[in-house]
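Protein chains in written order, with my numbering: chain A, 12 to 123; chain B, 7 to 281.
Below you can see the structure in the form of structure tokens.
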């Protein structure tokens, strides 16, 4: 995560909080093998404004977005394991060959 | 104390390093009653370390703080998962660390400085541009620079104190200005993280002759990256800026600067043609 990434995430989280919206924050907490993004990469899923940041795009990210919607609905954090080892020659987007462990947490608009 | 809100935590990750401090944020990511709880440890030189938020029960806070301090003290530590044992319970926590922001000081506000300032900002440097000409040292010419300063090259770093997080690039319009700034940067103790000076082989040699004549220790010459940048055949100001930026990354991350194709040799190693 670069300083600018941290900055844009902060702005997005604060905007959601000020607008009173619940959103979800996804963080790659560990990886194995080759993955498009590394530990620390983050994405905010805001049902109103969409995505800020990326955890690597493609099918893996779609799984995380799905989980994020569940997390926003239930208010309960979740761990998502994204497996990109599927089929190295299938030309699917999931050909990086690694596994990502992602923590997806609800971000409430209330002051904690 | 209650848990730190994610927005407040990421704000600390931005603001503390900008103030020259370090910050560690711990988040419980294992599945238990503390999941999502956050605590931050802020360490700024000459200030008392500060805690924000809470992680777990009172009994576990001390061991969490100790773990965060250990991580901060290890210069090689990076973001990742850790285990914390509290009252026979093993907790999985995710720890993020941010160190003081690195600075890029571009001396000279000419045509190479412009793409350099952009790339420097893109790479996460706090960028300062210095020139003695007011019409060149303008924020309009350097929209991504944090500071644009007009200063005489006889005392270029007066308003921009250099330290061990500074990366100094000398790209002024004239050899004599580069030299005046170089000698000041070289005499810094402790030295800046990086000193780069633009110039042809001839110009660099002439500079070194002059430095030695002025009594600068031979060992100090090795601190200077000159000619500046990696050898990628750069010609335009933009290309030169990329070559310099690549060198800055190499210094930061400890790479070799060699093409990965040549490092990995995948064809040679795995796809040898049968003869």
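For every residue, glycine included, the Cβ atom is placed at its ideal position computed from N, Cα and C.
Of all the residues that make up the region 207-219 of chain B, which are near chain A by a beta-carbon distance shorter than 7 Å?
If the cut-off is 7 Å between Cβ atoms, the region 207-219 of chain B has nothing near chain A.
Using the beta-carbon of each residue, which ones in chain B are nearer than 7 Å to residue 41 of chain A?
86 and 87, listed in chain order.
Just verifying my parser: in three-state terms, what is the DSSP assignment at residue 67 of chain B?
DSSP places residue 67 of chain B in helix when its eight states are reduced to three.
Taking 9 Å as the CB-CB cut-off, is residue 186 of chain B touching chain A?
Cβ-Cβ to chain A under 9 Å: no for residue 186 of chain B.
Any idea which residues DSSP pairs residue 110 of chain A with across the strands?
Answer is A/43 and A/94, bridged to residue 110 of chain A.
Alpha helix (DSSP H) containing residue 184 of chain B: first to last residue?
Note, residue 184 of chain B: alpha helix (DSSP H), 181-192.
Which residues of chain B have a Cβ atom closer than 9 Å to the Cβ of residue 48 of chain A, listed in chain order?
Result: empty, since nearest Cβ-Cβ is about 12 Å, beyond 9 Å.
Helix, strand or coil: how does DSSP classify residue 213 of chain B here?
It is helical.
Tell me the DSSP secondary structure of residue 74 of chain B in three-state form.
It is helical.
Buried or exposed for residue 73 of chain A, going by 16 or more other Cβ atoms inside 10 Å?
Exposed.
In whole angstroms, what separates the C-alpha of residue 42 of chain B from that of residue 33 of chain B?
Their backbone Cα atoms lie some 6 Å apart in a straight line.
If the cut is a Cβ gap below 8 Å, which residues of chain A does residue 17 of chain B touch?
Chain A residues near residue 17 of chain B: 21 and 25.
By the three-class DSSP mapping on this structure, what secondary structure does residue 263 of chain B have?
Residue 263 of chain B: coil per DSSP, three-state reduction.
How big is the Cα-Cα spacing for residue 276 of chain B and residue 108 of chain A?
Using only the alpha carbons, I get a separation of about 18 Å.
Would you list the one or two residues that DSSP bridges to residue 96 of chain B?
Paired residue(s): B/91.
Which of helix, strand or coil does DSSP assign to residue 27 of chain B?
Coil at residue 27 of chain B, not helix or strand.
Give the DSSP bridge partners of residue 49 of chain B, in chain order.
For residue 49 of chain B, which the question treats as bridged, DSSP gives the partners B/28.
Check the C-beta distance from residue 254 of chain B over to residue 168 of chain B and give it rounded, since I have them as a contact under 8 Å.
The Cβ separation is near 16 Å, so there is no contact.
Where does the unbroken beta strand (DSSP E) through residue 132 of chain B begin, and where does it stop?
It spans 132-137 - the beta strand (DSSP E) in which residue 132 of chain B sits, taken as one unbroken run.
In whole angstroms, give me the CA-to-CA distance for residue 223 of chain B and residue 257 of chain B.
Cα to Cα, residue 223 of chain B sits roughly 23 Å from residue 257 of chain B.
Report all residues from its chain with a CB closer than 6 Å to the CB of residue 240 of chain B; omit the five preceding and five following residues, and keep chain order.
Around residue 240 of chain B: 246 and 249.
Which chain B residues sit within Cβ distance under 7 Å of residue 88 of chain A?
Chain B residues near residue 88 of chain A: 41 and 42.
With a threshold of 9 Å between beta-carbons, can residue 127 of chain B be considered close to chain A, or not?
Interface residue, yes.
Going by the DSSP bridge assignment, what does residue 89 of chain A pair with across the sheet?
Note: residue 89 of chain A sits in a beta bridge opposite A/115.
Considering Cα atoms alone, identify which of B/39, B/9 and B/58 is closest to residue 30 of chain B.
Minimum Cα distance to residue 30 of chain B is reached at B/58.
If you measure from the beta carbon of residue 151 of chain B to each beta carbon in chain A, is any gap under 9 Å?
Cβ-Cβ to chain A under 9 Å: no for residue 151 of chain B.
Find the nearest neighbour of residue 39 of chain A within the set B/87, B/144, B/116 and B/172, judged by alpha-carbon distance.
Checked all of B/87, B/144, B/116 and B/172; the closest Cα to residue 39 of chain A is B/87.
From the DSSP output, in three-state form, read off residue 68 of chain A for me.
Residue state, collapsed to three classes: coil.
Apart from the five residues on each side of it in sequence, which residues of its chain come closer than 8 Å, Cβ to Cβ, to residue 184 of chain B?
Hits under 8 Å: 113, 114, 176, 177, 178, 203, 204, 205 and 213.
At the level of alpha carbons, what is the spacing between residue 49 of chain A and residue 43 of chain A?
For residue 49 of chain A and residue 43 of chain A, the distance between alpha carbons rounds to 9 Å.
Got a sec? Which residues, its chain only, sit under 7 Å from residue 271 of chain B by beta carbon, not counting five neighbours each side?
Taken in chain order, the list of residues that qualify is empty.
In chain B, which residues lie less than 8 Å from residue 36 of chain A when you measure between Cβ atoms?
Going along chain B in sequence order, the residues near residue 36 of chain A (Cβ under 8 Å) are 12.
Starting from residue 152 of chain B, follow the alpha helix (DSSP H) in both directions and report where the run begins and ends.
Counting along the chain, residue 152 of chain B falls outside any alpha helix (DSSP H), and DSSP gives it neither H nor E.
So, does the CB of residue 135 of chain A fall closer than 9 Å to a CB anywhere in chain B?
Residue 135 of chain A lies beyond the range of chain A shown here (12 to 123); nothing can be said about it.
Does the beta-carbon of residue 259 of chain B have 16 or more other beta-carbons within 10 angstroms, so that it is buried, or is it exposed?
Its Cβ having fewer than 16 others within 10 Å, residue 259 of chain B is exposed.
Would you say residue 56 of chain A reaches chain B, if we count a Cβ-Cβ gap shorter than 9 Å as a contact?
False, the Cβ-Cβ gap to chain B never drops below 9 Å.
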